[in-house]
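Report on one structure; see the data block that follows.
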Amino acid sequence: MGLLKKYITMFRTDMKEVMSRRCGLDELNYFIIIVAFILIGIALFSSKVIALVLGVACVVLCFVRSFSKKVEQRAKENAFYMRYMGGIVKLCGYLKLCVMMKIKSIRDAEYVYFVCKTCGQIVRVPKGRNKVNIRCPKCNTTFIKRT
Ligand SMILES: [Zn+2]
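Written out as structure tokens, the structure reads:
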């Protein structure tokens with residue numbers, strides 16, 4: 002078992018080193034994956050070959066970008082994408098965090114979790130206080146929420 006663990010650790014450090022010199026999964030690649038999923042989904046339901054071809058092309062493109070050695074070039078593409086889509090990417094991240102915190106609040110018997118709209122900080126408030134004025138500890142924004 003000790004040997005296996007050693008090999009796993011070696012593999013992990015190697016992968017980390019390989020990926021540190023590669024582009025990896027940046028925001029643009031996430032977007033390409035989502036587009037690929039949608040296209041393949043369309044292909045499955047409508048049996049349109051063109052959607053399948055485009056979907057597979059997106060997957061290939063994502064792989065090529067992830068393992069590309071031209072990190073600078075890929076970073077430039079990502080910066081270009083973020084200049085136009087950055088707001089939407091941030092909004093999606095915020096909404097995802099809100100949903101996660103909503104689920105956490107339902108599971109937690111004592112606390113309600115909120116996400117600060119300005120900085121994304123998670124704020125924990127005791128349950129059953131009705132309407133409270135919450136101040137974000139990170140950026141000092143205040144917002145009123147029902148707990
Ligand atoms: Zn904040």
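Residue numbers (the numbering used here): 2 to 148.
The beta carbon of each residue, even a glycine, is placed where N, CA and C say it ideally should be.
Just so you know, these numbers come straight off a predicted model, no measurement behind them.
Query raised in the report: So Cys23 packs on Val60, CB below 8 Å; how close in whole Å?
Result: Looking at the sequence provided, one finds Arg at residue 23 rather than Cys. Not really, about 17 Å apart at Cβ, beyond 8 Å.
Query raised in the report: Taking all protein chains shown into account, do 16 or more other C-beta atoms lie within 10 angstroms of the C-beta of Asn30, making it buried, or fewer, making it exposed?
Result: buried
Requested in this report: With hydrogens ignored, establish whether the beta-carbon of Cys117 is closer than 7 Å to any heavy atom of ligand 1.
Outcome: yes
Requested in this report: Return the residue from the list Gly42, Phe32, Ser69 and Gly56 that minimises the CA-CA distance to Val19.
Outcome: Ser69
Report task. Could you check what DSSP says for Phe46 in three-state terms: helix, strand or coil? Result -> helix
Query raised in the report: Would the beta-carbon of Lys70 be found less than 7 Å away from any heavy atom of ligand 1?
Result: no
Requested in this report: Classify Ile9 as buried or exposed, calling it buried when 16 or more other Cβ atoms lie within 10 Å of its own Cβ.
Outcome: exposed
**Report entry** Delimiting residues of the alpha helix (DSSP H) encompassing Arg108
**Finding:** Val72 to Arg108
Requested in this report: Apply the 10 Å Cβ neighbour rule to Arg130 and answer buried if 16 or more other Cβ atoms are within range, or exposed otherwise.
Outcome: exposed
Query - Inter-residue spacing [alpha-carbon to alpha-carbon] between Gly88 and Phe115 - result: 20 Å
Query raised in the report: Using the rule of at least 16 other Cβ atoms within 10 Å of the residue's Cβ for burial, across every protein chain shown, is Gly56 buried or exposed?
Result: buried
Report task. Using DSSP bridges, identify the partner residues of Ile145. Result -> Asn134
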